[in-house]
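The block underneath contains the structure these notes are about, expressed in structure tokens.
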Amino acid sequence: MVNNMAQARGKATGGVMGMGQADPFGSVLLLVVLGGSDDEALRQSFDLDRGYLDQCSPMTVTVGETIVTLVSEELPQDLVGEESYALLATETSGAGQTTYTMAVTARSNGLMASAQSVGSSEPDGILQDKLAELAAQALEPAGP
Numbered sequence: 542m543v544n545n546m547a548q549a550r551g552k553a554t555g556g557v558m559g560m561g562q563a564d565p566f567g568s569v570l571l572l573v574v575l576g577g578s579d580d581e582a583l584r585q586s587f588d589l590d591r592g593y594l595d596q597c598s599p600m601t602v603t604v605g606e607t608i609v610t611l612v613s614e615e616l617p618q619d620l621v622g623e624e625s626y627a628l629l630a631t632e633t634s635g636a637g638q639t640t641y642t643m644a645v646t647a648r649s650n651g652l653m654a655s656a657q658s659v660g661s662s663e664p665d666g667i668l669q670d671k672l673a674e675l676a677a678q679a680l681e682p683a684g685p
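With positions in the sequence shown counted from 1, the corresponding number in our numbering is that position plus 541.
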């Protein structure tokens, strides 16, 4: 998941984001693909995003009178592309609402892709595998 879009845009020369329709459980699928001016710039952005996991979890903020807690954890992930990682972010509000974001982020072929699911249903390993497949497809070189 790109945690600091301003820094990522500084390292990327182009990108695209797509969002799918909500499934019956209310989860939404997102796919972000960034292309860099060179592979080193993308690697730096990838490492920066992954580095925020340790620095920003847990985090608690107050929005109006509601306290929101965000906990992020890196999940075991089979290799996708040259480098990859998976994470699960759980956001809980004082109002008893929980939102889960599962993401698989990968880098290869001069691209960085992040496939994400955001919703109120707790994700599982099957969803993680599907996100990994989507990220892998997004990193494949374009055909002739």
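Cβ coordinates follow ideal geometry from the N, Cα and C atoms, glycine included.
query                                                                                     : result
Limits of the alpha helix (DSSP H) - the one that alanine 679 falls within                : 666-680
Alpha carbon of aspartate 580 to alpha carbon of alanine 644, nearest angstrom            : 21 Å
Residue from Thr633, Gly567 and Ala647 whose Cα sits closest to the Cα of glutamate 681   : Ala647
Cβ-Cβ distance between valine 609 and proline 599 below 8 Å                               : no
Burial state of proline 664, where buried means 16 or more other Cβ atoms lie within 10 Å : buried
Straight-line gap, methionine 653 to threonine 639 (C-alpha atoms, nearest Å)             : 28 Å
Valine 621: first and last residue of the uninterrupted beta strand (DSSP E) it sits in   : Here valine 621 belongs to no beta strand (DSSP E), and DSSP marks it neither H nor E.
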